[in-house]
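Below is one structure, written out as structure tokens; the observations come after it.
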Amino acid sequence: MNVTSRPGRAFARSRASARALAAIVALGAALSLMISPLTACTGPEPSAGPVVAASPSPTATPRPTPTTVLPQVPVVDAALGAPVAATPPPVRLVVPDVGIDMAVDPVGVRDDGEMEIPEDADRAGWYRFGPAPADPTGATVVAAHVDSVQTGIGQFARLLEVAVGAGITVTSADGGVREYRVVGVERIAKEGAPVDQWFDRSGAPRLVLVTCGGTFRRDIGHYTDNVVVTAEPIGG
Numbered sequence: 001m002n003v004t005s006r007p008g009r010a011f012a013r014s015r016a017s018a019r020a021l022a023a024i025v026a027l028g029a030a031l032s033l034m035i036s037p038l039t040a041c042t043g044p045e046p047s048a049g050p051v052v053a054a055s056p057s058p059t060a061t062p063r064p065t066p067t068t069v070l071p072q073v074p075v076v077d078a079a080l081g082a083p084v085a086a087t088p089p090p091v092r093l094v095v096p097d098v099g100i101d102m103a104v105d106p107v108g109v110r111d112d113g114e115m116e117i118p119e120d121a122d123r124a125g126w127y128r129f130g131p132a133p134a135d136p137t138g139a140t141v142v143a144a145h146v147d148s149v150q151t152g153i154g155q156f157a158r159l160l161e162v163a164v165g166a167g168i169t170v171t172s173a174d175g176g177v178r179e180y181r182v183v184g185v186e187r188i189a190k191e192g193a194p195v196d197q198w199f200d201r202s203g204a205p206r207l208v209l210v211t212c213g214g215t216f217r218r219d220i221g222h223y224t225d226n227v228v229v230t231a232e233p234i235g236g
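In full-length UniProt numbering, the protein residues as written are 1 to 236.
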């Protein structure tokens with residue numbers, strides 16, 4: 001799946017900027033000049049034929065290799081140094097109401113400026129250049145493929161089943177546990193998606209989960225929509 005990342009707005013960034021930022025900020029960066037919504041949410045080889053994100057099981061048919069379009073870090077005014085987050089990274093994400101229990105890996109940006117996302121659809125990626133759960137401001141963004149050839153339908157395919165008010169637990173590398181309450185669940189067309197809001201590094205702390213949704217289009221090699229779950233920390 002691809003999600004435009006950006007450390008303060010969205011994550012659409014040029015190849016040159018990605019190199020300059022070595023390890024850029026979260027499916028987010030600041031002041032993006034270009035924003036590309038999440039496009040190819042599947043792994044390198046998506047399912048053959050339209051697949052609804054919440055499909056209960058992967059297709060057994062061999063899948064063609066699409067042109068994978070992952071989130072690009074946005075262009076910023078100045079090169080960024082070390083990752084923004086100095087606090088412990090998240091390592092586990094649990095949404096008990098829908099049976100999601102996933103390991104979380106820190107991810108950055110590829111040489112071509114696109115965001116890295118674990119190819120295993122049962123592992124999520126946390127944009128390590130954006131806020132971590134313990135940071136006082138901004139969106140902690142965690143994304144995963146909705147499916148992949150290796151693992152079939154991924155756990156984030158259940159995001160649309162999450163209800164407002166559901167609880168989410170995030171465990172960090174230091175053993176710290178943070179509880180969140182879901183305040184929004186949306187399926188949004190990729191074109192015109194408000195990516196900068198999802199990856200905003202300012203404002204109240206929050207958790208943003210992103211994957212692909214809608215129908216898989218073989219002709220363009222990606223899903224039509226993004227599924228976004230927003231949650232706020234319980235007890236501040």
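Even for Gly, the Cβ is constructed at its ideal location relative to N, Cα and C. Keep in mind that this is a model prediction, so the values were computed, not measured.
Which residue's Cα is closest to the Cα of residue i: the options?
{"i": "Ala121", "options": "Gly235, Ala132, Val195 and Arg158", "result": "Arg158"}
{"i": "Gly165", "options": "Pro136, Pro131 and Tyr180", "result": "Tyr180"}
{"i": "Thr169", "options": "Thr151, Leu160, Val142 and Thr137", "result": "Val142"}
{"i": "Trp198", "options": "His222, Val227 and Gly221", "result": "Val227"}
{"i": "residue 238", "options": "Ala144, Gly221 and Pro131", "result": "For residue 238 there is no data in the structure shown, the boundaries of the chain being 1 and 236."}
{"i": "Leu93", "options": "Ala124, Arg110 and Met115", "result": "Ala124"}
{"i": "Pro235", "options": "Val109, Ala144, Leu209 and Ala204", "result": "Looking at the sequence shown, residue 235 is not Pro but Gly. Considering only alpha carbons, the answer is Ala204."}
{"i": "Val208", "options": "Met115, Glu191 and Trp126", "result": "Trp126"}
{"i": "Arg128", "options": "Gly175, Val109 and Glu119", "result": "Val109"}
Assuming residue i contacts residue j (C-beta within less than 8 Å), just tell me the rounded distance between them.
{"i": "Val146", "j": "Gly213", "result": "7 Å"}
{"i": "Thr151", "j": "Ala189", "result": "So it is not a contact: roughly 26 Å between Cβ atoms."}
If you draw a straight line from the C-alpha of residue i to the C-alpha of residue j, how long is it?
{"i": "Asp196", "j": "Val177", "result": "27 Å"}
{"i": "Arg206", "j": "Pro233", "result": "6 Å"}
{"i": "Ser172", "j": "Thr215", "result": "34 Å"}
{"i": "Ala103", "j": "Arg217", "result": "28 Å"}
{"i": "Pro194", "j": "Gly138", "result": "15 Å"}
{"i": "Asp135", "j": "Gly154", "result": "28 Å"}
{"i": "Ile220", "j": "Thr140", "result": "29 Å"}
{"i": "Thr184", "j": "Leu160", "result": "Reading off the sequence, residue 184 comes out as Gly, not Thr. Their backbone Cα atoms lie some 10 Å apart in a straight line."}
{"i": "Val95", "j": "Ala231", "result": "11 Å"}
{"i": "Arg187", "j": "Glu116", "result": "22 Å"}
{"i": "Asp112", "j": "Gly192", "result": "22 Å"}
{"i": "His222", "j": "Asp174", "result": "36 Å"}
{"i": "Pro118", "j": "Gly167", "result": "24 Å"}
Less than 8 Å separating the beta-carbons of residue i and residue j?
{"i": "Thr211", "j": "Phe156", "result": "yes"}
{"i": "Val182", "j": "Val149", "result": "no"}
{"i": "Ala163", "j": "Asp101", "result": "no"}
{"i": "Pro133", "j": "Pro106", "result": "no"}
task = May I have a chain-ordered list of the beta strand (DSSP E) segments no shorter than 3 residues that lie completely inside the stretch 91-136?
result = Within the stretch 91-136, the complete beta strand (DSSP E) runs of at least 3 residues fall at 100-107 and 123-127.
query = Where in the stretch 133-209 do unbroken runs of the beta strand (DSSP E), each at least 3 residues long, occur, reported from the N-terminal end onward?
reply = Whole beta strand (DSSP E) segments, 3+ residues: 139-143, 167-172 and 177-189.
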